[in-house]
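Chemist:
2 protein chains.
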Amino acid sequence: MTVHRGQVLKAAAELLSRKATASMDDIARAAGISRATLHRHFAGREALVFALAELAVRQIEDGLDAARIEEGDPAQALRRLVAQATPVAGFLAFLYGENQLYEPGTPDPGWARIEERVGALIRRGQERGAFRRDLSAHWLTDALHALVVASGWSVQDGRMAPREAPRMVAEVLLGGVLERRTA
Amino acid sequence: MTVHRGQVLKAAAELLSRKATASMDDIARAAGISRATLHRHFAGREALVFALAELAVRQIEDGLDAARIEEGDPAQALRRLVAQATPVAGFLAFLYGENQLYEPGTPDPGWARIEERVGALIRRGQERGAFRRDLSAHWLTDALHALVVASGWSVQDGRMAPREAPRMVAEVLLGGVLERRTA
DNA sequence: CTGTCGTGAGACATATGTGTCTCATATGAA
DNA sequence: TTCATATGAGACACATATGTCTCACGACAG
């Protein structure tokens, strides 16, 4: 019946990304454990948030590695990235929200690495003529994150099936909403 | 030097949508007033949040009216909607975040009205063959909100000019990221 | 069975935020 | 000027969350 640190952190991420004011007791209940046990595994709220950020960065960077976003056709690389990101949308949402707190110039180093890698993919696609150049790479990066987070919430609410999420995000981001005659 | 209620609420919306844990003192400072004055205008935090939600709903519904989203070409209506929404992105972000707290079945009535009107526009576009049918109207509604919120944060951080925001959001949402030969 | 380990429940002091109050000051009208 | 009004600064009691503790229970290995 031992508590698994990763599972607790995943529950905490999904709760905190939606309700940042959740108490330690709320987090414990969301993870299915008591507050005492939660404190045994994490020295305090600060330590928990730190561990959460660390795990989130690792999960997402692992996803970037697995998607091999530096290789091949940019559009396909973006689809692979989205497919890797949607299962860990809760962690991404937490990180994304957490980095809205800092001053615009001092982001978390791990988050900065992630943004840089995703931004590089976008720029690579723009240079190859695959992605539009009239939209800034920075904005497209933000848009990608926002859509993944939104899809994660839709899944949490049962409005979207988890297996649909990658396609929903990728189709909107790559193709847009407009119907087209020629695919 | 009298405090203007609307300006205080706008500052509160932009702060709270990013940092839900902000204290009344933080909110007061963000609005450029003292905590005492903040309490003179709003009975308490609960009352402030209520007033904020009320104003946010009104601002956005006014925008929907001004954009006349029920009329004309759906794609153009969506562009008008985005143009009206981006200036009040802070309020939309607050409402959007606030409604992630409730249980999936009991949203704020005002927010439900907004979602319904936007959803109706999406469905109208799908029925007319203007918008894609392979993506659910609900998801497209969520995607729209998420992109507007993200653009608002970009503006707050100085990464995007306010006047660019409508086009950035509308272009990604309608056209997607992919470069195309034929416009 | 016996001992150990991890847990849940709850008590407790402390820290932080909230809501209310008083008082001094500044602005603006008569 | 004189007065009214609104504000800022700060004190205060109170509520809530946090962090630490003790104790009892149950699972599991020996």
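In order, the protein sequences belong to chains A and B.
Everything in the first sequence is counted per this note's numbering, starting at 1 for the first residue and increasing by one.
Everything in the second sequence is counted per this note's numbering, starting at 1001 for the first residue and increasing by one.
For every residue, glycine included, the Cβ atom is placed at its ideal position computed from N, Cα and C.
1) Can you pull the chain B neighbours of A:Leu154, defined as C-beta to C-beta under 7 angstroms?
2) Determine whether the beta carbon atoms of A:Leu38 and A:Ala30 lie at a separation below 8 angstroms.
3) Please state if the CB of A:Gly119 and the CB of A:Pro74 are separated by a distance shorter than 8 angstroms.
4) To the nearest angstrom, report how far apart B:Ala1183 and A:Arg180 are at their CA atoms.
5) Between A:Glu98 and chain B, is the shortest Cβ-Cβ distance under 8 angstroms, so that the two count as touching?
6) Grab the span of the alpha helix (DSSP H) containing B:Ser1017 for me, first residue to last.
7) Can you tell me whether B:Phe1131 is helix, strand or coil according to DSSP?
8) Between which residues of its own chain and A:Gly90 is the CB-CB distance below 7 angstroms, once the five residues before and five after are set aside?
9) Can you tell me whether B:His1004 is buried or exposed, with buried defined as 16 or more other CB within 10 angstroms of its CB?
10) Quick one: any contact between the stretch 1048 to 1061 of chain B and the stretch 1107 to 1116 of chain B, if contact means 3 or more CB pairs under 8 angstroms?
11) If I'm right that A:Ala28 touches A:Arg35 with Cβ under 8 angstroms, what's the distance once you round it to whole angstroms?
12) For a test of the three-state rule: what should DSSP assign to A:Leu178, helix, strand or coil?
13) Grouping DSSP H, G and I as helix and E and B as strand, with all else coil, what is A:Met160?
14) Go through the stretch 74 to 154 of chain A residue by residue and report every complete run of the alpha helix (DSSP H) that reaches 4 residues or more, in order.
15) Have a look at B:Glu1046 and A:Met168 and give me their C-alpha separation to the nearest angstrom.
16) Which one of B:Val1155, B:Arg1080, B:Ala1020 and B:Pro1166 has the shortest CA to CA distance from B:Asp1062?
17) Can you give me the C-alpha to C-alpha distance between A:Ala85 and A:Asp65, rounded to a whole angstrom?
Modeler: Let me spell this out:
1) Reading off the sequence, residue 154 of chain A comes out as Ser, not Leu. Under the 7 angstroms cutoff, chain B gives Trp1139 and Asp1142.
2) No, the Cβ-Cβ distance between A:Leu38 and A:Ala30 is not below 8 angstroms.
3) Cβ distance not < 8 angstroms, so A:Pro74 and A:Gly119 don't count as in contact.
4) Confidence is the limiting factor: at B:Ala1183 the pLDDT is only 48, short of 50, which leaves the residue's position unreliable, though a coordinate-based value still follows. Computed Cα separation, rounded: 10 angstroms.
5) Closer than 8 angstroms: no.
6) Neither: B:Ser1017 is in no alpha helix (DSSP H) and is coded neither H nor E.
7) strand
8) Lys10, Ala13, Glu14, Ser17 and Gly152
9) exposed
10) A contact exists between the stretch 1048 to 1061 of chain B and the stretch 1107 to 1116 of chain B.
11) 4 angstroms
12) In the structure shown, A:Leu178 adopts extended strand secondary structure according to DSSP, grouped into three states.
13) coil
14) Fully enclosed alpha helix (DSSP H) runs of 4 or longer: 74 to 85, 89 to 98 and 109 to 127.
15) Rounded to whole angstroms, B:Glu1046 to A:Met168 spans 36 angstroms at the Cα level.
16) The closest CA to that of B:Asp1062, considering only B:Val1155, B:Arg1080, B:Ala1020 and B:Pro1166, is found on B:Arg1080.
17) 11 angstroms
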